[in-house]
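26 is the number that our numbering gives to position 24 of the sequence shown; each next residue is one higher, with no gaps.
Notes follow once the structure below has been shown.
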Amino acid sequence: MSPQDRLPLYDVAVIGGGIAGAGIARDAALRNLRVILLEKNTFGSGTSGKSSKLIHGGLRYLETAWNDLCRGNPAGAWKNFRFVFLSLKESRTLRRIAPELVRPIPILVPFYKNSRRGPAGVVAGCLLYALMACLSGNFRFPRFLRGAERVLKILPGLRPEGLQGGVVIWDHLADDRGLVEATIRSAQASGAEALERAEVTAWRPEKSGDAYEIEFRREGKSEKRRARKIVNASGPWVDKLRARVGKVKEDFLTPVAGSHLVFKKFVPHSVILEAEDRRIFFVIACGEVSRVGTTERFHADPDTLAVTEEEIGYLLAALARYFPSGNFDRSQILSTDCGIRPLAKPHGHTAPGDISREHRIRVDAEGVIHALGVKLTDHRRAAEEIVDGLVPELQRSNPQILRKTRTHRLLL
Numbered sequence: 003m004s005p006q007d008r009l010p011l012y013d014v015a016v017i018g019g020g021i022a023g024a025g026i027a028r029d030a031a032l033r034n035l036r037v038i039l040l041e042k043n044t045f046g047s048g049t050s051g052k053s054s055k056l057i058h059g060g061l062r063y064l065e066t067a068w069n070d071l072c073r074g075n076p077a078g079a080w081k082n083f084r085f086v087f088l089s090l091k092e093s094r095t096l097r098r099i100a101p102e103l104v105r106p107i108p109i110l111v112p113f114y115k116n117s118r119r120g121p122a123g124v125v126a127g128c129l130l131y132a133l134m135a136c137l138s139g140n141f142r143f144p145r146f147l148r149g150a151e152r153v154l155k156i157l158p159g160l161r162p163e164g165l166q167g168g169v170v171i172w173d174h175l176a177d178d179r180g181l182v183e184a185t186i187r188s189a190q191a192s193g194a195e196a197l198e199r200a201e202v203t204a205w206r207p208e209k210s211g212d213a214y215e216i217e218f219r220r221e222g223k224s225e226k227r228r229a230r231k232i233v234n235a236s237g238p239w240v241d242k243l244r245a246r247v248g249k250v251k252e253d254f255l256t257p258v259a260g261s262h263l264v265f266k267k268f269v270p271h272s273v274i275l276e277a278e279d280r281r282i283f284f285v286i287a288c289g290e291v292s293r294v295g296t297t298e299r300f301h302a303d304p305d306t307l308a309v310t311e312e313e314i315g316y317l318l319a320a321l322a323r324y325f326p327s328g329n330f331d332r333s334q335i336l337s338t339d340c341g342i343r344p345l346a347k348p349h350g351h352t353a354p355g356d357i358s359r360e361h362r363i364r365v366d367a368e369g370v371i372h373a374l375g376v377k378l379t380d381h382r383r384a385a386e387e388i389v390d391g392l393v394p395e396l397q398r399s400n401p402q403i404l405r406k407t408r409t410h411r412l413l414l
């Protein structure tokens, strides 16, 4: 027996211990695949632990769908409607399987006189969002608030000038890092091996073509494993890892950074607002704090990521516009965080806010699978798609592998 043959052999090696990798490892392990998960830092320490904490359908994508219809692009509109519906369906599934980590929250959407999103547009959008939520199984109906007085009862401190009313919709708040950790524990309970501080440095196909040899460093030592399949679910590090192992001919990602500011809780109710540049931003009531965000800017290197002064100024200005009595300044910021959305690279130049948020699955020339653009909301569905693609080939050598996912039924 060669030294290579003595290495442990897995059905699939998953690289990346964020929500994407955790979801893939769990789905694969629950289908009886032999799984190893390798994370270079700690589980959930990257973008997955620096999210907006929302599990949501994406109200703004309904606006994008409407704009597509107005431009004579029904295919684009359908894509966005489908994206919202599937995201709402996933939010219901995550609420059901992780009730202690994902809970419904009301979110206020106010409307102001002379704003781009006037009363008719806001009400119509929220009604459609609620209808799609009901069709996906989320039976919570919006509440319509007519006049500034009713809105200010819910959210005192909001700027009253020009305020005409609002709508309260429902989405979900998540313990993002807790969700990652619970998903990995579920994978481990089903037999997966999950290693932290295990930085992958190389992979190469074996001569037989039946497996890959994977090298990684852990606790200062070099280790090797073998796997029949590799899934690169390293989020913002997808292209950086491909470059390290010498596999880059083109970038798969367009990395878009987003930042949040954290304050002592100043709103009793989460709210969606419109910044001066017409981008929407959230103020999320999250325990004893309020999270404000997010921003959008291109940033290539996830290892040199930090909130910029420009982003801090942008979010403080947005807050001052709606909460003038708060007198927000840098001294009130408790903490900041910044993550990178690992969005699939579009064709041609596109502004950060216009890049599709749908996940993509790419397979390179060596058969390595790369998960792109996976979000907190759709991670379970993305994992199901990826493992569905692995099962037919792997079942030939392991008939105990299950064809269908169980992740939508089993509690975390």
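Ideal Cβ placement from N, Cα and C applies to all residues, glycine included.
Listed in chain order, the non-local C-beta contacts of D253 below 7 Å within the same chain comprise D241 and K347, local neighbours out to five positions each way being set aside.
For R206, the closest C-alpha among the options I21, E387 and G369 is that of G369.
With the rule of 3 Cβ pairs closer than 8 Å, the segment 214 to 222 does not count as touching the segment 23 to 30. The three-state reading of DSSP puts V393 in helix, counting H, G and I together. Between A196 and G19, the C-beta spacing is below 8 Å.
Remark: C-beta atoms of K209 and L392 do not approach each other more closely than 8 Å.
With 16 or more other Cβ atoms from the protein chains shown falling within 10 Å of its own Cβ, C128 counts as buried.
Nearest in C-alpha terms to L263, of all of L255, E276, V291 and E278, is V291. From the listed residues E41, R227, P76 and T306, the smallest Cα separation to D339 is found for T306.
At a Cβ-Cβ threshold of 8 Å, L40 and V202 count as neighbours. For the pair of segments examined, the segment 172 to 188 was found to touch the segment 46 to 61: the number of CB pairs separated by less than 8 Å reaches three.
Taking 8 Å as the cut-off, the Cβ atoms of P144 and A132 count as close. With three or more CB-CB distances shorter than 8 Å, the segment 87 to 99 counts as touching the segment 161 to 176. In the assembly as shown, R105 is an exposed residue. Its beta-carbon has fewer than 16 other beta-carbons within 10 Å. Residue burial is scored here from C-beta neighbours: S337 has fewer than 16 other C-beta atoms within 10 angstroms and is therefore classed as exposed. Counting along the chain, A79 sits inside no beta strand (DSSP E); it lies in the alpha helix (DSSP H) bounded by residues P76 to I99. Counting C-beta pairs closer than 8 Å gives fewer than three between the segment 64 to 83 and the segment 137 to 151, which falls short of the contact rule. Its chain contains S50, V182, L378 and H381 as the residues whose beta carbon lies nearer than 6 Å to that of I21, once the 5 sequence neighbours on both sides are disregarded; these appear in chain order.
The alpha-carbon of P304 is positioned some 41 Å away from that of G164.
Secondary structure in the segment 288 to 357: the beta strand (DSSP E) runs of 3 residues or longer, each lying completely within the stretch, are 291 to 295 and 335 to 346 in chain order. Per the coordinates, the alpha-carbon of K406 lies some 12 Å from the alpha-carbon of I388. In this structure, G355 sits near E298, with a CB-CB distance shorter than 8 Å. Taking every protein chain shown into account, the CB of G193 has fewer than 16 other CB atoms within 10 angstroms, so this residue is exposed.
In this structure L11 is in contact with R228, their Cβ atoms being roughly 5 Å apart against a cut-off of 8 Å. The three-state secondary structure of V182, taken from DSSP, is helix. Around the beta-carbon of F300, fewer than 16 other beta-carbon atoms lie within 10 Å, marking it exposed. By the Cβ-count criterion, D331 is exposed, with fewer than 16 other Cβ atoms from all chains shown falling within 10 Å of its own Cβ. By a beta-carbon distance limit of 8 Å, K91 contacts S138. Their separation comes to about 4 Å. Buried is the label assigned to G167, since at least 16 other Cβ atoms lie within 10 Å of its Cβ. Selection S272, V376, L9 and G74 evaluated against I156 yields S272 as nearest (Cα-Cα). Judged by DSSP in its simplified three-state form, V111 adopts strand.
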